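So the sequence shown is numbered by my numbering: it starts at 29 and just counts up by one.
The C-beta atom is built at its ideal place from N, Cα and C for all residues, glycine as well.
As the structure is a computational prediction, the values presented were derived from the model and not from experiment.
Structure first, commentary second.
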Amino acid sequence: MIRIMLITFSYIIFGSCTNNDQKVDTALLVQKEDIKLVAPKLKDNNFFFKDNTLISFYETFANSKVFYKVNNAKYKQYNGPFVISKSSQLSYFCADSDFINSDTISQNYFNTVNFKRFKIEGSEPSEPYLNKGLSALNNIAKADFQFKDEEWIAFKDSVVKFELTVQDIVSQKGTIGFSFLNMQSSWIFKPQKISVEAVNDEGEVFSKQQQVIDSKSISTDGFFYTTIQLEKPSLIYKIEIEQLDSLPSWHPGHGGQPWLFMDEIIVF
Ligand SMILES: [Ca+2]
Numbered sequence: 029m030i031r032i033m034l035i036t037f038s039y040i041i042f043g044s045c046t047n048n049d050q051k052v053d054t055a056l057l058v059q060k061e062d063i064k065l066v067a068p069k070l071k072d073n074n075f076f077f078k079d080n081t082l083i084s085f086y087e088t089f090a091n092s093k094v095f096y097k098v099n100n101a102k103y104k105q106y107n108g109p110f111v112i113s114k115s116s117q118l119s120y121f122c123a124d125s126d127f128i129n130s131d132t133i134s135q136n137y138f139n140t141v142n143f144k145r146f147k148i149e150g151s152e153p154s155e156p157y158l159n160k161g162l163s164a165l166n167n168i169a170k171a172d173f174q175f176k177d178e179e180w181i182a183f184k185d186s187v188v189k190f191e192l193t194v195q196d197i198v199s200q201k202g203t204i205g206f207s208f209l210n211m212q213s214s215w216i217f218k219p220q221k222i223s224v225e226a227v228n229d230e231g232e233v234f235s236k237q238q239q240v241i242d243s244k245s246i247s248t249d250g251f252f253y254t255t256i257q258l259e260k261p262s263l264i265y266k267i268e269i270e271q272l273d274s275l276p277s278w279h280p281g282h283g284g285q286p287w288l289f290m291d292e293i294i295v296f
């Protein structure tokens, strides 16, 4: 599959301008070295797996190569499908000496064996992205990278609240994972803050953590996954997720309301 960004800008005539009634065409010649490769594309998106999952990439453009690393290992060249069996972060990019390297994509894979089952109540998603409702957030199914994938649910509220009731505390670490989509051109932004409270049977908060996220800056499209670790696990977690009040000043839709897209919450 030939996938190359900005190729349409090669040898494009950028309109024309008039000088002394004489029409002068101005052409912009973009050199190969100025062209940035598009990141490699994964063949299957089995982000949640029980035993292991096979990682493979589609063919890349011409002589470009895929480089990848698992967690903090060194990057190596991709020569064919490989297996991941533990929860890991896969990072990858495309390179060719004649072009600019692609962006690096980082993607989390999860062995679901340690996932804790839980019930979820709270803010309902907004039209037209109701899809599966809150059940999308605890069904151990990852959405595709298309925002129209029905595994996504989306919120317009500036504050979204959930309460999770976990079925058992055995071997639980008190870690909560959150999976979002970041696609700023489609008005889909990461949250700016996530707060988690651990609550006991009497409704008292005995542990809490929050995370502030730079969601305003321009960033590459991709899945956004983050975790919050509490000091002690609980059977009840109260979660508050804050979205930007409005699209930032640099955005073409400045002043409009951004969307918050989620596809899963994970309790370890
Ligand atoms: Ca899901």
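Could you tell me whether the Cβ atoms of Leu-258 and Val-224 are closer together than 8 Å? Position 230 of the sequence shown, counted from the first residue, corresponds to residue 258. Position 196 of the sequence shown, counted from the first residue, corresponds to residue 224. Yes, these two residues count as a Cβ contact at 8 Å.
When DSSP builds the beta bridges, which residues end up paired with Ser-154? Stepping through the sequence shown from its first residue, residue 154 is reached at position 126. DSSP lists no partner for Ser-154.
What residues match up with Thr-255 in a beta bridge as DSSP calls it? Working through the sequence shown from its first residue, we reach residue 255 at position 227. Beta-bridge pairing links Thr-255 to Gly-205.
Please report how far the alpha carbon of Asp-62 lies from the alpha carbon of Asp-124, in whole angstroms. For the purposes of this step, residue 62 is identified with residue 34 of the sequence shown, where counting begins at 1. For the purposes of this step, residue 124 is identified with residue 96 of the sequence shown, where counting begins at 1. C-alpha separation (whole angstroms): 12 Å.
Here's the rule I'm using: 16 or more other beta-carbon atoms within 10 Å means buried, otherwise exposed. How should Ala-164 be labelled? Taking the sequence shown and counting its residues from 1, the one referred to as residue 164 is at position 136. Answer is buried; the Cβ neighbour count reaches 16.
Run the CB neighbour count on Ile-293, radius 10 Å, all protein chains shown included, and call it buried at 16 or more, exposed below. If you number the sequence shown from 1, residue 293 lands on position 265. It counts as buried.
Enumerated in chain order, which unbroken segments of the beta strand (DSSP E) with a length of 3 residues or greater are wholly contained in the stretch 234 to 283? 250 to 257, 264 to 270
For Glu-230, which residues from the same chain have a beta carbon less than 6 Å from its beta carbon, with the 5 sequence-adjacent residues on both sides left out? Locating residue 230 in the sequence shown gives position 202, counting from the first residue. Nothing meets the Cβ criterion.
Inter-residue Cα distance where the pair is Gln-285 and Thr-255: Against the sequence shown, residue 285 aligns to sequence position 257. Against the sequence shown, residue 255 aligns to sequence position 227. Cα to Cα, Gln-285 sits roughly 25 Å from Thr-255.
With 16 as the cutoff for other CB atoms within 10 Å, does Leu-192 come out buried or exposed? Residue 192 sits at position 164 when you count from the first residue of the sequence shown. Flag for Leu-192 reads buried.
Inter-residue spacing [alpha-carbon to alpha-carbon] between Gln-271 and Asp-185: Sequence index remark: in the sequence shown, residue 271 carries index 243 (1-based). Sequence index remark: in the sequence shown, residue 185 carries index 157 (1-based). Going by the C-alpha atoms only, they are around 7 Å apart.
Residue environment, Trp-287, which counts as buried when at least 16 other CB atoms sit within 10 Å: To locate residue 287, count along the sequence shown from 1; it is residue 259. Classification for Trp-287: buried.
If distances are taken between C-alpha atoms only, which option among Leu-65, Thr-81, Phe-252 comes closest to Lys-71? In the sequence shown, residue 71 corresponds to position 43, counting from 1. Among Leu-65, Thr-81, Phe-252, the Cα nearest to that of Lys-71 belongs to Thr-81.
Pair every Cβ in the stretch 162 to 182 with every Cβ in the stretch 103 to 123, then say whether three or more of these pairs are closer than 8 Å. no
Any heavy atom of ligand 1 nearer than 7 Å to the CB - residues listed: Ala-164, Leu-165, Asn-167, Ile-168, Ala-169, Lys-170, Ala-171, Glu-179, Asp-291, Glu-292
My guess is that Phe-183 and Asn-166 are in contact by the Cβ rule of under 8 Å, so how many angstroms apart are they, rounded? What you label residue 183 is simply residue 155 of the sequence shown in a count that begins at 1. What you label residue 166 is simply residue 138 of the sequence shown in a count that begins at 1. Rounded, the Cβ-Cβ distance is 16 Å, inconsistent with contact.
Residues bridged to Lys-326 (per DSSP): There is simply no residue 326 to check, as the chain begins at 29 and stops at 296 in what is shown.
By how many angstroms is the C-alpha of Tyr-265 removed from the C-alpha of Ile-204? The count along the sequence shown starts at 1 and reaches residue 204 at position 176. The count along the sequence shown starts at 1 and reaches residue 265 at position 237. Whole-angstrom Cα-Cα distance: 9 Å.
Status (buried if at least 16 other CB within 10 Å, exposed otherwise) for Gln-220: Here the question's residue 220 lines up with position 192 in the sequence shown. Burial call: buried.
State the Cα-Cα distance for the pair Met-33 and Glu-87, rounded to the nearest angstrom. Indexing the sequence shown from 1 puts residue 33 at position 5. Indexing the sequence shown from 1 puts residue 87 at position 59. Residue placement at Met-33 cannot be trusted, given a pLDDT of 42 that sits under 50; the coordinates are not used to answer.
Nearest residue (CA-CA) to Gln-117, options Ile-133, Asp-126, Ser-213, Met-290: In the sequence shown, counting from the first residue as 1, residue 117 sits at position 89. Among Ile-133, Asp-126, Ser-213, Met-290, the Cα nearest to that of Gln-117 belongs to Ile-133.
Between Phe-95 and Phe-121, is the Cβ-Cβ spacing less than 8 Å? Counted from its first residue, the sequence shown places residue 95 at position 67. Counted from its first residue, the sequence shown places residue 121 at position 93. Result yes, Cβ atoms of Phe-95 and Phe-121 sit closer than 8 Å.
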